[in-house]
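Chains as they are written, first to last, in the numbering used here: chain A, 267 to 864; chain B, -9 to 172.
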């Protein structure tokens, strides 16, 4: 093992900042990261065991034990459940012969759950040894498990490739793009390099001004003006600056970046180069979620092609002194790394815990240098803005929301997939376009967003009305909103909280328990009153967006669907703790061999 | 108006909070002027003899008897106060909460270093004994609790001031030192 570790650590120049890459390689090579490997890595990097262990233990896809020759990660998002995950999971358990979160006795097949893998338009879906399997059903599951038992190579189990580049030689995935509506900015004709060649004649400050004039706002969700961010970064005093592209896309129900990176990664990389030119950075990093690792070879090839075309590397587009290159940093399964300062921590090889702010990343980001972190969609929009001009861009959209927005739409509708809309479109019009009937609710912007009901369908998607990071999960009339959706989202936040802020760490659990009590029919009006009060605390007492929005599934459904809660509580009882003496003594009585005397 | 009636009990606690009640020193004479004690270890009244106004609960619930006593208090007292860390959060006894109850019993009666003479490996299971709960519960998870007085134990003056505030209807001032947690 020592030689293997030495060679892996050597590959990354014994740089502790590359600990994520080192652990990813060890996990890939040994199917887990054993205790001994942790010690060896620490020794090679000249850091303490704990430094390695704390990073390792933070991420879902680094494991202590081998997960099986075939490791199945089945998505457990709300959308997956709507599309029939329960039957698929049962079929897996039956065929494999073990329960979820375990590996079969012969060490052959491991069954594990994982948070949304960015395939909400083709659920239920699973990642098996890095390959994505979509639209699963019990029949397909039995066939898959039979192939595994026959030790068939995983590539051969992918029977049909998806549309577009998904079927290209370097991807070969059964994933579908499902691009349902193209628009003028993102899914539009474009010749790679046009914008880059144009801007190299401009002064970097003019590039920033152009982005400012376009009123482009960050597409990750927060909507911070992109040009302003670049300006802050350019003005920060430093020799080195960095451009980071956030492709962590962990918000359940969101998958638009997967499609961009499958169909037009060149545009994203070009956007990064433009940002590099504008702020004066030489290095760009694409932080890509582990779930999209199947795109790695393809993306590396695209980067190489761009280097060969002089769109990356030295003297870009023939401009003397304009050097810029990009590397891909993979995550390892942590939603919180989508928060920009956590993403930076992770890229530095640490636990993905959000930093205290200020200083903001534009002042002190990656390696403590000024850093711009932009979403994939933002950077792609920049390219088109530079090609066609800010004025062209501002003609689209609404007053405070210029341009277009990509939406990942999933759930109870006929045409799930990716849509490019101009900002300002009415929710009702979207529903019609996606073929959604009998809609009970829509989750806008994922679990951290808002759950709206029919009285809000007349509203418009725009920063000034209903903002969104880019997803809509449509929830049909037949769904049990609290049981099927709200509870799943709240569990998601419990799993994904980094644990740094006490309120986020414990409030999420307290809220889930209260919700469970209400769902179990033991709730009273006082529980509803408590929830109303307590959901407000998250916003006040947590450091990052995750903690601040973790109560949103409950808070926003209480706002729009209070009747769902009221239907479940006991009307005649004023207060009920839900304590069950029989259940509480069952275990000890059973063990000492006595009949409970209640 | 007749004197308010106070009851107290110690569940899964160490009696430290009751010691703190006694720690109000000579003010206990004032207290006796102000209130009448009913069921309490202080006067050794074992059962409620009349409805009470205020119940002070020390300790959380670790067994079925604690649960019965607590429910009895809820039934007989208008206002219940969780007194101190164990009643509020489970306290030291709740350290067992991460450990399966089976392991706790084995450690206590079979394998622990202080176990001797239990050659037959008997685990207490007489019907007369309280049944052990799967974990230690803070009082508010078993019955409704109206007020919480933090501390381990809550300072004597705090108990005094809280009772005085309740009886006189004045606002209780909880200084920062009393409620800070780190």
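Ideal Cβ positions, reconstructed from N, Cα and C, are used throughout, including at glycine.
query                                                                                                                                                                                                         : result
Counting beta carbon pairs with one atom in the segment 835 to 855 of chain A and one in the segment 758 to 776 of chain A, are three or more of them shorter than 8 Å?                                       : no
What residue ranges within the segment 482 to 508 of chain A form continuous alpha helix (DSSP H) runs of no fewer than 4 residues, ordered along the chain?                                                  : 492 to 501
Rounded C-beta distance between residue 113 of chain B and residue 95 of chain B? I'm assuming under 8 Å.                                                                                                     : 6 Å
For residue 637 of chain A, count neighbouring C-beta atoms within 10 Å of its own C-beta (all shown protein chains included) and say buried if the count is 16 or more, exposed if not.                      : buried
Could you check the C-alpha separation between residue 337 of chain A and residue 378 of chain A for me, to the nearest Å?                                                                                    : 8 Å
Does the segment 625 to 641 of chain A come into contact with the segment 602 to 614 of chain A, if we say contact requires no fewer than three beta-carbon pairs (one atom in each stretch) closer than 8 Å? : yes
What is the DSSP secondary structure of residue 580 of chain A, reduced to helix, strand or coil?                                                                                                             : coil
Going by the beta-carbon positions, is the gap between residue 609 of chain A and residue 561 of chain A smaller than 8 Å?                                                                                    : no
Could you pull the start and end residues of the alpha helix (DSSP H) that residue 405 of chain A belongs to?                                                                                                 : 404 to 415
Within this structure, are the beta carbons of residue 50 of chain B and residue 127 of chain B separated by less than 8 Å?                                                                                   : yes
Is DSSP giving residue 138 of chain B helix, strand or coil here?                                                                                                                                             : strand
Is the Cβ of residue 54 of chain B closer than 8 Å to any Cβ of chain A?                                                                                                                                      : yes
Using a Cβ-Cβ cut-off of 8 Å (strictly less than) and excluding sequence neighbours within five positions of residue 295 of chain A, which residues of its own chain qualify?                                 : 270, 274
Out of curiosity, what's the CA-to-CA distance linking residue 695 of chain A and residue 673 of chain A?                                                                                                     : 14 Å
If contact is defined by three or more beta carbon pairs under 8 Å, each pair taking one atom from either stretch, is the segment 650 to 661 of chain A in contact with the segment 711 to 719 of chain A?    : no
Closer than 9 Å by beta-carbon distance: list the chain A residues that pair up with residue 134 of chain B, in chain order.                                                                                  : 792, 840, 841, 842, 843
Run down chain B in chain order and give the residues with a C-beta less than 7 Å from the C-beta of residue 598 of chain A.                                                                                  : Simply none; closest approach about 27 Å.
Below 7 Å between beta carbons is the criterion; list the residues of the segment 508 to 533 of chain A that meet it against any residue of chain B, in chain order.                                          : none
Within its chain, find whatever has a CB closer than 8 Å to the CB of residue 778 of chain A; leave out the 5 residues flanking it on each side and keep chain order.                                         : 753, 756, 757, 760
Which partner residues of residue 727 of chain A appear in the DSSP bridge assignment?                                                                                                                        : A/732
Whose Cβ in chain B lies nearer than 7 Å to the Cβ of residue 370 of chain A?                                                                                                                                 : Residues of chain B passing the Cβ test: none, with the nearest at roughly 25 Å.
Per DSSP, which residues does residue 591 of chain A bridge with? Please list them.                                                                                                                           : A/549
Give a yes or no on whether 8 Å exceeds the smallest Cβ distance from residue 808 of chain A to chain B.                                                                                                      : no
Can you check DSSP and say which residues form a bridge with residue 26 of chain B?                                                                                                                           : B/-5
For the putative contact between residue 547 of chain A and residue 496 of chain A, defined by C-beta atoms under 8 Å, what is the C-beta separation to the nearest angstrom?                                 : Not quite, the Cβ-Cβ distance comes to about 10 Å (not below 8 Å), so this is no contact.
Report yes or no: is there a C-beta of chain B within less than 8 Å of the C-beta of residue 771 of chain A?                                                                                                  : no
Would you please verify whether the beta carbon of residue 622 of chain A is less than 8 Å from any beta carbon of chain B?                                                                                   : no
May I have the straight-line CA-CA distance separating residue 384 of chain A from residue 559 of chain A, to the nearest angstrom?                                                                           : 12 Å
Measuring CB to CB, does residue 534 of chain A end up less than 8 Å from residue 645 of chain A?                                                                                                             : yes
If the criterion is Cβ atoms closer than 8 Å, does the pair residue 139 of chain B and residue 73 of chain B meet it?                                                                                         : yes
Could one say the Cβ of residue 140 of chain B lies closer than 8 Å to chain A's Cβ atoms, at least one of them?                                                                                              : no
Just to confirm the assignment: which complete beta strand (DSSP E) runs, minimum length 3, are found wholly within the segment 31 to 115 of chain B?                                                         : 42 to 48, 51 to 53, 67 to 73
Along chain A, in chain order, which residues have C-beta atoms closer than 7 Å to that of residue 57 of chain B?                                                                                             : 847
With a threshold of 16 other CB atoms inside 10 Å of the CB of residue 5 of chain B, please say whether the residue is buried or exposed.                                                                     : exposed
Rounded to the nearest angstrom, what separates residue 322 of chain A and residue 420 of chain A at their Cα positions?                                                                                      : 26 Å
Would you kindly work out how many angstroms separate the C-alpha atoms of residue 330 of chain A and residue 301 of chain A, rounded to a whole number?                                                      : 8 Å
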